[in-house]
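Heads up, the thing below is written out as structure tokens.
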Amino acid sequence: MRRLRIDPFLVLLLACVGIAVLVPPRGAATGIVDVATTVAIGLLFFLYGARLSTGQVLGGLRHWRLHTTVLVATFVVFPLLGLAAGLLPAWLLPAPLAAGVLFLCCLPSTVQSSIAFTSLAGGNVPAAVVAASVSNVLGVVLTPLLATLLLSTSGGFSASTLADIGLRLLAPFVAGQLARPLVGEWVQRHRRALHVVDRGSILLVVYSAFGAGVVAGTWGELTPAAIAGLVVVDAVLLAVVLTVTALGARLLRFDEADRTTILFCGSKKSLASGLPMAGVLFAGHTVALVVLPVMLFHQFQLMVCATIAGRLARRRAARASEPATAS
Numbered sequence: 383m384r385r386l387r388i389d390p391f392l393v394l395l396l397a398c399v400g401i402a403v404l405v406p407p408r409g410a411a412t413g414i415v416d417v418a419t420t421v422a423i424g425l426l427f428f429l430y431g432a433r434l435s436t437g438q439v440l441g442g443l444r445h446w447r448l449h450t451t452v453l454v455a456t457f458v459v460f461p462l463l464g465l466a467a468g469l470l471p472a473w474l475l476p477a478p479l480a481a482g483v484l485f486l487c488c489l490p491s492t493v494q495s496s497i498a499f500t501s502l503a504g505g506n507v508p509a510a511v512v513a514a515s516v517s518n519v520l521g522v523v524l525t526p527l528l529a530t531l532l533l534s535t536s537g538g539f540s541a542s543t544l545a546d547i548g549l550r551l552l553a554p555f556v557a558g559q560l561a562r563p564l565v566g567e568w569v570q571r572h573r574r575a576l577h578v579v580d581r582g583s584i585l586l587v588v589y590s591a592f593g594a595g596v597v598a599g600t601w602g603e604l605t606p607a608a609i610a611g612l613v614v615v616d617a618v619l620l621a622v623v624l625t626v627t628a629l630g631a632r633l634l635r636f637d638e639a640d641r642t643t644i645l646f647c648g649s650k651k652s653l654a655s656g657l658p659m660a661g662v663l664f665a666g667h668t669v670a671l672v673v674l675p676v677m678l679f680h681q682f683q684l685m686v687c688a689t690i691a692g693r694l695a696r697r698r699a700a701r702a703s704e705p706a707t708a709s
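Here it is as structure tokens:
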């Protein structure tokens with residue numbers, strides 16, 4: 383799997399989808415799964431708030447040009463591309479998948495993989511830490527707002543869901559931030575154990591979403607052309623954003639380390655934030671179709687960005703060895 387650069391967590395997600403197809407929640411089990419999912423999402427966002435250091439984020443904003451560039455790519459360029467994808471014919475990209483692509487485009491950047499790829503490629507790692515953290519802090523508010531604004535105009539959910547979003551996403555996140563002085567050190571010491579809680583919460587969201595889709599017969603709505611269209615749309619979306627961030631950073635005259643940071647932080651979307659948010663923003667069986675673009679894009683971005691980071695690292699190593707070879 384490492385050679386193929388397949389994310390092991392994606393394998394777990396697909397296994398969870400398989401379980402949902404074979405044993406979807408029905409009857410009383412549906413209510414139990416719904417309550418468990420709500421609790422899990424609240425816990426997940428509480429831990430997000432408890433982990434993120436607001437002081438570190440605010441202190442790193444001195445590099446405002448870089449962070450502004452990343453945020454524009456994440457919350458402006460991406461959503462515009464998502465709106466453009468919605469113009470495709472319904473036989474190629476059905477409405478629920480188009481909504482999923484637009485929702486994907488409203489998500490914040492990743493944290494772990496953005497920092498890891500930036501470090502591997504020799505980019506500005508401290509700036510990557512701040513850029514990814516700022517994106518996630520703002521994403522708790524901006525993602526629901528953008529999704530509500532853009533999707534409500536095309537038959538999606540209404541603005542009335544904002545109260546539910548605030549209660550289930552923003553309130554736990556703020557509570558985590560407020561509790562950080564008391565639990566922050568404990569959270570850091572038990573990072574690995576809590577990582578299991580994070581992943582378990584996301585897997586529960588996936589099981590709930592896909593199980594509801596199975597019970598409602600959602601998968602009968604997908605045609606081979608729609609699945610192929612989604613693959614192409616996600617691939618093109620990633621290619622366009624990588625090109626825009628690379629060229630934009632060069633035109634803005636950033637140095638090489640900063641250009642690398644912008645490339646990796648501005649081109650990725652967070653699966654960890656996206657799946658729980660989808661469980662809150664979208665109701666019923668449509669959640670299963672909405673999260674498909676997010677899951678697919680997640681694997682694409684890991685494969686492509688790992689390849690790019692490896693090439694940049696080899697190029698940097700070759701340059702570093704040139705003086706020694708010449709001597």
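Quick note: the sequence shown, position 300, residue 682 per the working numbering, numbers continuous.
Quick reminder that beta carbons are idealized off the backbone N, C-alpha and C, glycines included.
Just to confirm, are residue i and residue j a CB contact at a threshold of 7 Å?
i, j, result
"F646", "F460", "no"
"F457", "L524", "yes"
"V483", "V615", "yes"
"T649", "T625", "Contrary to the premise, residue 649 reads as Ser rather than Thr in this sequence. For S649 and T625, no; Cβs fall outside 7 Å."
"T643", "N518", "no"
"L351", "F679", "As displayed, the chain neither begins before 383 nor continues past 709, which places residue 351 out of reach and without an answer."
"H721", "V493", "Look at the range of the chain in this structure, 383 to 709, and you will see that residue 721 is not part of it."
"R635", "A432", "no"
"A481", "V662", "no"
"F664", "G558", "no"
"A455", "C488", "no"
How big is the Cα-Cα spacing for residue i and residue j?
i, j, result
"L674", "I584", "14 Å"
"L549", "F555", "10 Å"
"V588", "L395", "7 Å"
"P476", "H577", "35 Å"
"P390", "A688", "15 Å"
"V511", "I609", "35 Å"
"L469", "G521", "25 Å"
"L653", "S495", "11 Å"
"L392", "A631", "31 Å"
"L426", "L533", "25 Å"
"L619", "R698", "28 Å"
"R408", "D580", "25 Å"
"G538", "A467", "Summary for G538: the model assigns pLDDT 47, below 50, so the residue's position carries little reliability, and this model does not support an answer."
"K651", "I497", "13 Å"
"G582", "P490", "21 Å"
"V569", "Y430", "10 Å"
With a threshold of 6 Å on Cβ separation, who are the neighbours of residue i within its own chain once the five nearest residues in sequence on each side are excluded?
i, result
"T668", "P478"
"L527", "none"
"A513", "H449, V452 and C647"
What residues in its chain sit with their C-beta under 8 Å from that of residue i, if we drop five residues either side in the sequence?
i, result
"L586", "V415, A418, T419 and A422"
"V358", "The requested residue 358 does not occur in the structure, where the chain is confined to residues 383 to 709."
Applying the 10 Å Cβ sphere with the 16-neighbour rule, what's the burial state of residue i?
i, result
"D640", "buried"
"S703", "exposed"
"R574", "exposed"
"A397", "exposed"
"H572", "exposed"
"A700", "exposed"
"L629", "exposed"
"P606", "exposed"
"P471", "exposed"
"G611", "buried"
"A691", "buried"
"L684", "buried"
"V676", "buried"
With a cut-off of 7 Å, does the C-beta of residue i fall near any C-beta of chain D?
i, result
"A670", "The chain labelled as chain D is not found in the depicted structure, where only one protein chain is given."
Return the chain-ordered list of same chain residues with a C-beta closer than 7 Å to the C-beta of residue i, the five sequence neighbours on each side being excluded.
i, result
"A617", "F682"
"S695", "At residue 695 the sequence reads Ala, which differs from the Ser that was named. Taken in chain order, the residues that qualify are L502, A503 and G504."
"G424", "R550 and P554"
"V596", "A402, V403 and P406"
"A670", "A591, F592, A594, G595 and T600"
"V565", "A432"
Report yes or no: do three or more beta-carbon pairs, one from the region 462 to 471 and one from the region 653 to 663, lie closer than 8 Å?
no
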